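So the sequence shown is numbered by the UniProt record's numbering: it starts at 1 and just counts up by one.
In this text, a Cβ means the ideal position worked out from N, Cα and C, and glycines have one as well.
These figures come from a predicted structure and were not determined experimentally.
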Amino acid sequence: MSTLPPCPKCNSEYTYEDGAQLICPECAHEWSVGGEAEAAPDDTVKKDSVGNVLQDGDTITVIKDLKVKGTSLVVKVGTKVKNIRLCDGDHDIDCKIDGIGPMKLKSEFVRKV
Numbered sequence: 001m002s003t004l005p006p007c008p009k010c011n012s013e014y015t016y017e018d019g020a021q022l023i024c025p026e027c028a029h030e031w032s033v034g035g036e037a038e039a040a041p042d043d044t045v046k047k048d049s050v051g052n053v054l055q056d057g058d059t060i061t062v063i064k065d066l067k068v069k070g071t072s073l074v075v076k077v078g079t080k081v082k083n084i085r086l087c088d089g090d091h092d093i094d095c096k097i098d099g100i101g102p103m104k105l106k107s108e109f110v111r112k113v
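The following block contains the structure:
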């Protein structure tokens, strides 16, 4: 009988130990043995170019001309973007820009209004 804790993600009892990690074979979730104190990766704080904390629904302005890949369009300096959504990845702002359409931006090229 194993005394390993069940998977915190799917509650599977078939967890196994691999070095300092515990692994669930059913959902492939990995966590450390003392992983209960570990912070969730979804709690990361996204900041703009000057250090202001960004949140879903904020209004931002673009601080640099940005070429839109695959087209001849350019997002000009000072373009206001309303109602942003934060997402994970390299381009961490999902938004809709008037005249261009939906696109993703990097937070380092925007400033919160």
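Shortest alpha-carbon distance to Lys106 belongs to which of Pro6, Thr59, Ser72 and Ser49?
-> Checked all of Pro6, Thr59, Ser72 and Ser49; the closest Cα to Lys106 is Ser49.
Comparing alpha-carbon positions, which option in Val33, Asp88, His29 and Tyr16 lies nearest Cys10?
-> Checking every option, the nearest Cα to that of Cys10 belongs to His29.
How would you write the range of the beta strand (DSSP E) that Thr61 sits in, first residue to last?
-> Segment Ile60 to Val62, the beta strand (DSSP E) holding Thr61.
Alpha carbon of Asn52 to alpha carbon of Cys87, nearest angstrom | The straight-line gap from Cα to Cα measures roughly 17 Å.
Continuous beta strand (DSSP E) stretch holding Cys24: start and end = For Cys24, there is no enclosing beta strand (DSSP E), as DSSP gives it neither H nor E.
Given Val68 as reference, the closest of Met103, Cys24, Trp31 and Leu22 once Cα atoms are compared | With distances taken between Cα atoms, Val68 lies closest to Met103.
Assuming Val110 contacts Ile93 under a Cβ cut-off of 8 Å, what Cβ separation, rounded to an integer in Å, is found between them?
-> The beta-carbon distance between Val110 and Ile93, rounded to whole angstroms, is 7 Å. This is short enough to meet the 8 Å contact definition.
Could you pull out every residue in the same chain whose Cβ sits closer than 7 Å to the Cβ of Val77, ignoring the five residues on either side in sequence?
-> Same-chain partners within the cutoff: Val62, Ile63, Lys64 and Asp65.
Unbroken beta strand (DSSP E) run spanning Lys104, endpoints | According to the DSSP assignment, Lys104 belongs to the beta strand (DSSP E) that extends over Gly101 to Leu105.
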